[in-house]
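K.L.:
Residue numbers (the UniProt record's numbering): 1 to 414.
1) Does the structure place the segment 91-101 close enough to the segment 195-209 that three or more beta carbon pairs sit under 8 Å?
2) Please determine, among 292, 140, 307 and 365, the residue with the shortest C-alpha to C-alpha distance to residue 199.
3) To the nearest angstrom, report how far apart residue 286 and residue 276 are at their CA atoms.
4) Excluding the 5 residues flanking residue 463 on each side, which residues of the same chain have their C-beta closer than 6 Å to its C-beta?
5) Under DSSP, the beta strand (DSSP E) around residue 321 begins and ends at which residues?
6) Give me whichever residues DSSP pairs with residue 248 in a beta bridge.
7) Which of helix, strand or coil does DSSP assign to residue 202?
8) I'd like to check one pair, residue 79 with residue 288: are the Cβ atoms closer than 7 Å?
9) Round the Cβ separation of residue 76 and residue 40 to the nearest angstrom and send it over; I've been treating them as touching at under 8 Å.
10) Take the Cβ of residue 152 as the centre, count every other Cβ of all protein chains shown within 10 Å, and call the residue buried at 16 or more, exposed below.
11) Return the chain-ordered list of same chain residues with a C-beta closer than 6 Å to the C-beta of residue 241, the five sequence neighbours on each side being excluded.
12) Measuring CB to CB, does residue 111 end up less than 7 Å from residue 263?
13) Identify the residues that DSSP records as bridge partners of residue 332: which are they?
14) Go through its chain and collect everything with a Cβ distance to residue 101's Cβ below 6 Å, but skip five positions before and after it.
15) Taking a contact to mean a Cβ-Cβ separation below 7 Å, would you say residue 214 touches residue 259 in this structure?
16) Going by DSSP, name the residue or residues bridged to residue 152.
17) Helix, strand or coil: how does DSSP classify residue 139 here?
18) Quick test of the definition: if touching needs 3 or more C-beta pairs under 8 Å, does the segment 31-45 touch the segment 241-254?
19) Could you tell me how far apart the beta carbons of residue 55 and residue 29 are, in whole angstroms, since I believe they sit closer than 8 Å?
20) For residue 165, count the other beta carbons within 10 Å of its own beta carbon; 16 or more makes it buried, fewer makes it exposed. Which is it?
21) Just the C-alpha distance for residue 17 and residue 269, rounded to the nearest angstrom, thanks.
22) Suppose the cutoff is 7 Å on Cβ atoms and the five residues either side in sequence are ignored; what does the same chain contact list for residue 456 look like?
23) Return the chain-ordered list of same chain residues with a C-beta closer than 8 Å to the C-beta of residue 142, the five sequence neighbours on each side being excluded.
24) Are three or more beta carbon pairs between the segment 226-246 and the segment 112-129 nearer than 8 Å?
25) What does the Cβ neighbour count give for residue 33, buried or exposed, with the cut at 16 atoms within 10 Å?
26) Tell me, to the nearest whole angstrom, how far the beta carbon of residue 292 is from that of residue 27; I am working on the premise that it is less than 8 Å.
27) Flag this pair as yes or no: are the beta carbons of residue 84 and residue 104 separated by less than 7 Å?
28) Taking buried to mean at least 16 other C-beta atoms within 10 Å of its own C-beta, is residue 171 buried or exposed?
29) When DSSP builds the beta bridges, which residues end up paired with residue 296?
30) How many angstroms separate the CA atom of residue 297 from the CA atom of residue 156?
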């Protein structure tokens, strides 16, 4: 996709779509952590429409099987992280002038692992732990190319979804951390990573919302953090995996849940969007509802489809404005939004906020005729049209309108 320069796909991921989709996806991440918080096993695997609500129903119906010790440890872990990040860390930065955030997640993991090992949480309290982590690396080997014809269809679907989720999350965090991303570079990076990993028996790599949120919550600013996290993971795989086997799963879930708290703040965008743009408000809402009501992949597809549909609607039912001269200037602005404006006799200025296409040329004609009927100029009129909204013109359509206006009393200017 990088070689084909398909990075233009990222332009369809508006800020509202990304925000609504990522917030909906965070709901899936949150619910997926509850089974480890309550240490409930044997729940059925859900998929398709309404899977999130079915998972919640399964957890509630099996709540009597939960482990109270696991719940207690999770509550203590969440309280520790909230107090550390919300109180201790800001205080330390302000009073002690620490140059970096305190790694409360790392402190929690080390402490919980040590306590779990000392008291043997797994056997004495029946708590779920990480258990044995295999050490060593597999030997690289060439993939089985005979399977390509059978897998190419699924591979394309996985690639599209992977790239869509990756770029949407990248845009979200780029906006939050105030930096720019290059979608083309992202495509090359994902492709190179997939090619390299194909020589090892691993799953296709993709962006994880939960892990990314944890990474950002620890103060990460650049991808350089991946070098250190990969080096640490490499050391764990080779040497230290056995020492993390007693880490309670509920502690890992607590870390993810605390990292998700920032996503809840995105609901505050709805009030602002409602006053700024009803369509952008609907894009956010549909993206969220589709992702929560269906699944992450299907929700993303529905979100993109709805966003494209709103583009058609905006073109089909474009807005137009009657412009007037701002008194004392050479600028023309919407006469309904400004009070100090001047209308010149015999001259009417119209702004049409859309490219002139076959889908909206009739609306363009009606806008002109409506303004002319209201204008009622008694002498030959100049009729300027502000082309600022015209990305391109459907020449035949514009010629038709121009000819109909040239009746001896009106002249059309562009």
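All residues carry an ideal CB built from backbone N, CA and C; glycine is no exception. Treat the numbers as computed from the prediction; the structure is a model and nothing was measured.
P.N.:
By the coordinates alone:
1) The segment 195-209 is not in contact with the segment 91-101.
2) Of 292, 140, 307 and 365, the residue nearest in Cα terms is 140.
3) Spanning the alpha carbons of residue 286 and residue 276 requires a straight line of approximately 17 Å.
4) Since the displayed the chain opens at 1 and closes at 414, residue 463 lies outside it and no answer follows.
5) Per DSSP, residue 321 belongs to the beta strand (DSSP E) from 320-326.
6) Under DSSP, residue 248 forms a beta bridge with 129.
7) Coil at residue 202, not helix or strand.
8) Taking 7 Å as the cut-off, the Cβ atoms of residue 288 and residue 79 do not count as close.
9) Their Cβ separation, rounded to whole angstroms, is 19 Å, which puts residue 76 and residue 40 out of contact at 8 Å.
10) Note on residue 152: under 16 other CB atoms within 10 angstroms of its CB, so exposed under the neighbour-count rule.
11) Closer than 6 Å at the Cβ level, and outside the excluded window around residue 241, lie 133 and 135.
12) Contact: no.
13) According to DSSP, which records beta bridges pairwise, residue 332 is partnered with 325.
14) In chain order, 89 and 219 place their CB closer than 6 Å to the CB of residue 101, counting only its own chain and leaving out the 5 sequence neighbours on each side.
15) Inclusion of residue 214 and residue 259 in the CB contact set at 7 Å is warranted, their separation being smaller than that value.
16) For residue 152, which the question treats as bridged, DSSP gives no partner whatsoever.
17) Here residue 139 carries a coil assignment [DSSP, helix/strand/coil].
18) These segments touch.
19) Distance from residue 55 to residue 29 at the Cβ level is roughly 12 Å; contact not present, criterion being Cβ atoms closer than 8 Å.
20) With 16 or more Cβ atoms within 10 Å of its Cβ, residue 165 is classed as buried.
21) Residue 17 and residue 269 have their C-alpha atoms spaced approximately 12 Å apart.
22) No answer is possible for residue 456: the residues shown for the chain start at 1 and end at 414.
23) Apart from sequence neighbours up to five positions away, the residues of its chain that approach residue 142 with a beta-carbon distance below 8 Å are 199, ordered along the chain.
24) The answer is yes - the segment 112-129 touches the segment 226-246, with three or more Cβ pairs under 8 Å.
25) If you draw a 10 Å sphere on the C-beta of residue 33, you find 16 or more other C-beta atoms in it, and that means buried.
26) Yes, they are in contact, since the Cβ atoms of residue 292 and residue 27 sit about 5 Å apart, within 8 Å.
27) In this structure, residue 104 lies closer than 7 Å to residue 84 by Cβ.
28) Answer is buried; the Cβ neighbour count reaches 16.
29) DSSP output for residue 296 lists no bridge partner at all.
30) So the alpha carbons of these two residues sit roughly 13 Å apart.
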